[in-house]
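The numbering used here numbers the first residue of the sequence shown as 158 and each following residue consecutively.
Here the structure is laid out as structure tokens; the discussion comes afterwards.
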Amino acid sequence: MDITIKNSQLTATIKSLGAELCSLKDKSEREYIWEGDPKFWGKHSPILFPIVGALAHDSYTLDNKIYHMSRHGFAREMMFEIKEHKEDQVILSLQSSEETFKLYPFEFELQISYTVNNNSLSIEYKVINNSKVDLPFSIGAHPAFALPSAFESYCVKFEKQELLKYFLLKDNLISDETENLELENKELRLNYDLFKNDALVFKTMQSKSLTILENEVPFLKVDFNDFPSLGLWTKLDAPFLCIEPWFGYSDTKECNGNLYEKEGIIVLKNDAVFHAQFTIEILK
Numbered sequence: 158m159d160i161t162i163k164n165s166q167l168t169a170t171i172k173s174l175g176a177e178l179c180s181l182k183d184k185s186e187r188e189y190i191w192e193g194d195p196k197f198w199g200k201h202s203p204i205l206f207p208i209v210g211a212l213a214h215d216s217y218t219l220d221n222k223i224y225h226m227s228r229h230g231f232a233r234e235m236m237f238e239i240k241e242h243k244e245d246q247v248i249l250s251l252q253s254s255e256e257t258f259k260l261y262p263f264e265f266e267l268q269i270s271y272t273v274n275n276n277s278l279s280i281e282y283k284v285i286n287n288s289k290v291d292l293p294f295s296i297g298a299h300p301a302f303a304l305p306s307a308f309e310s311y312c313v314k315f316e317k318q319e320l321l322k323y324f325l326l327k328d329n330l331i332s333d334e335t336e337n338l339e340l341e342n343k344e345l346r347l348n349y350d351l352f353k354n355d356a357l358v359f360k361t362m363q364s365k366s367l368t369i370l371e372n373e374v375p376f377l378k379v380d381f382n383d384f385p386s387l388g389l390w391t392k393l394d395a396p397f398l399c400i401e402p403w404f405g406y407s408d409t410k411e412c413n414g415n416l417y418e419k420e421g422i423i424v425l426k427n428d429a430v431f432h433a434q435f436t437i438e439i440l441k
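Below you can see the structure in the form of structure tokens.
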């Protein structure tokens, strides 16, 4: 089921499967979200929960029992219920069930809110711990932005001038190898060679917003002040760029398999509620 929200400036479409944003258009009908062509990547903007990235051996241990979970968790493959739907906002909910207990033995509710306001779309994550124990989880976004012109005609402008350190992935896990990216006037010019070793994973950075420029003209901005980590990703010759605000990332090679001790994990107390939000702003 597709759900539409809109105002005078923007129209957003969200799938109930995975609560996934699949379209964001301005009043001129320009599409800003990747179409999901499986030739390159069949997703648009999946929700990453209750892990971001991959677990070592796709598994973790809890109370001496081994649980298996694939990369980026299960929320993106599950049907969400509509909790509230207004013209300019929709709130979707995923609750723990017998199906989720097989992968993740905790009681929770995950709410995803989409709200259009002027020329911006805000996406809010809300995690409610309904368990009697602390809830360990990671959560993240994976929006792919459509880049219809030549890939090299785009650049990403960071909020701050900084020397960026990213961690290399090996077998989908965070290795101890790093490389540095130097910005020129806060800008990173895009080319596919940047992504020859998969995603660029930044555990921390000073910048909390990124702007995509098309032929030197800013057209889209992502603000992620609540999020500590970030990924940038595309595939060879694919006409999109993913800007991915995260809490957490793939296991490191040194991980011990204990989810509570996983690097970057959030541990939410019983009956507590977690909130985080990021915003996509259309600039043209």
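All residues carry an ideal CB built from backbone N, CA and C; glycine is no exception.
Quickly, what does DSSP pair residue i with across the bridge? List them, please.
| i | result |
| --- | --- |
| Ala232 | Answer by DSSP bridge pairing: none, since Ala232 is not bridged. |
| Phe302 | Ile190 and Leu398 |
| Glu241 | Ile248 |
| Ala433 | Tyr282 |
| Glu371 | Tyr311 and Val374 |
| Asn274 | Ser277 |
| Asn415 | Thr218 |
| Ile223 | Thr218 |
| Ile208 | Beta-bridge pairing links Ile208 to no other residue. |
| Ile423 | Phe294 |
| Lys322 | Asn337 |
| Phe359 | Leu387 |
| Lys327 | Leu330 |
Kindly indicate which three-state DSSP category residue i falls into: helix, strand or coil?
| i | result |
| --- | --- |
| Ser310 | helix |
| His201 | coil |
| Asp159 | strand |
| Asp333 | strand |
| Thr391 | coil |
| Phe263 | coil |
| Leu440 | coil |
| Tyr406 | coil |
| Ser183 | According to the sequence as given, residue 183 is Asp; it is not Ser. Here Asp183 sits in strand by DSSP. |
| Ala169 | strand |
| Phe294 | strand |
| Asp380 | strand |
| Leu174 | strand |
| Leu351 | helix |
| Glu344 | strand |
Within its chain, find whatever has a CB closer than 6 Å to the CB of residue i; leave out the 5 residues flanking it on each side and keep chain order.
| i | result |
| --- | --- |
| Ser270 | Ile248 and Glu281 |
| Glu238 | Ser250 |
| Thr168 | Lys182 |
| Val209 | Ser295, Gly297, Trp403, Gly405 and Tyr406 |
| Phe352 | Thr391 |
| Leu393 | Tyr349 |
| Leu425 | Asn286, Leu292 and Phe431 |
| Ala433 | Tyr282 and Asp383 |
| Met158 | Ser173 |
| Cys412 | Ala213 |
| Phe231 | Leu260 |
| Asn372 | Ser310 |
| Pro375 | Thr368 and Leu440 |
By Cβ distance below 7 Å, which residues in the same chain neighbour residue i in space, the five residues on each side in sequence not counted?
| i | result |
| --- | --- |
| Leu338 | Leu321, Tyr323 and Leu345 |
| Met362 | Glu319, Leu321 and Leu387 |
| Val358 | Tyr323, Phe324, Leu326, Ile331, Gly388 and Tyr406 |
| Met236 | Ser173 and Leu174 |
| Glu256 | none |
| His201 | Glu177, Leu178, Cys179, Ile190, Trp191, Gly193 and Ala301 |
In its own chain, which residues sit with a C-beta less than 8 Å from the C-beta of residue i, not counting the 5 before and 5 after it?
| i | result |
| --- | --- |
| Pro305 | Pro396 |
| Ala303 | Glu188, Tyr189, Ile190, Trp191, Glu192, Pro396 and Phe397 |
Quick test of your reading: residue i and residue j, contact by CB under 8 Å. State the CB separation rounded to the nearest angstrom.
| i | j | result |
| --- | --- | --- |
| Ile422 | Pro300 | The pair is not a contact, with the Cβ atoms about 23 Å apart (cut-off 8 Å). |
| Ser288 | Phe263 | 5 Å |
| Asn354 | Ala211 | Contact flag wrong, Cβ pair sits at about 15 Å. |
| Asp215 | His225 | 6 Å |
| Ile171 | Asp245 | With a Cβ gap of about 13 Å, Ile171 and Asp245 do not count as contacting. |
| Lys378 | Lys343 | Not really, about 13 Å apart at Cβ, beyond 8 Å. |
| Asn427 | Val290 | 7 Å |
| Gln252 | Glu266 | 5 Å |
Within the present structure, is the beta-carbon of residue i separated from the nearest heavy atom of the ligand FMN by less than 7 Å?
| i | result |
| --- | --- |
| Ser279 | Ligands displayed in this structure: none; no statement on the ligand FMN is therefore possible. |
Using 8 Å as the limit for Cβ to Cβ distance, is residue i near chain C?
| i | result |
| --- | --- |
| Ser180 | In summary, chain C is missing from the structure at hand, where a single protein chain is found. |
contact_flag[the segment 310 to 326, the segment 410 to 423] where n(CB pairs < 8 Å) is 3 or more: no
| Should the segment 346 to 366 be regarded as contacting the segment 273 to 290, the criterion being three or more beta carbon pairs within less than 8 Å? | no
(message) Between the segment 170 to 190 and the segment 430 to 440, can you find at least three pairs of beta-carbon atoms closer than 8 Å?
(response) yes
Handout entry: Any 3 or more C-beta pairs closer than 8 Å across the segment 397 to 408 and the segment 203 to 215
Key = yes
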